[in-house]
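Taking it in order: structure first as structure tokens, then the write-up.
Numbering (mature numbering (1 follows the signal peptide of the UniProt record, and there is no 0)), first residue to last: -20 to -1, 1 to 109.
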């Protein structure tokens, strides 16, 4: 009977050890930078992801514009978007270049050109591996 008790106790200990909550190393925070450049002359509304992945809004009246953020390790995707001001749009043909950096490396880049009324609206996203 003692052998069965010891075997049962050993089986229970192995079972609980195998059910450990260790899922590997925790995800690391990531240093990101959002950047806008170009010749767009109007006021721009900027939408970007903050450290927790929530969207934040900023306003800028001139380019270049940039924002550095440390993104939490559990955030799966970040966004950078631009739109023109209704009261002070730019001019037709003016451009804005959107870039997302991970560290010093550009991981996503695109541009948008304003149409006839100075209107522009565009966004890019970056999904982490």
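The beta carbon of each residue, even a glycine, is placed where N, CA and C say it ideally should be.
- Taking a C-beta distance under 8 Å as the contact criterion, residue 78 and residue 104 qualify as a contact pair.
- Listed in chain order, the non-local C-beta contacts of residue 19 below 8 Å within the same chain comprise 43, 74, 75, local neighbours out to five positions each way being set aside.
- Measuring C-alpha to C-alpha distances from residue 11 to each of 58, 25, 100, 63 identifies 58 as the nearest.
- Distance check between residue 17 and each of 31, 93, 98, 99 places 93 closest, using alpha-carbon atoms only.
- The beta carbon of residue 83 sits closer than 7 Å to the beta carbons of 11 from its chain, once the five residues preceding and following it are set aside; these are given in chain order.
- A distance below 6 Å between beta-carbons, with the five flanking residues on each side excluded, links residue 70 to the following residues of its chain, in chain order: 20, 21, 22, 94, 98.
- Proximity to residue 66 across 13, 53, 29, 101 peaks at 101, based on C-alpha coordinates.
- Taking 8 Å as the cut-off, the beta carbon of residue 35 is found closer than this to the beta carbon of residue 27.
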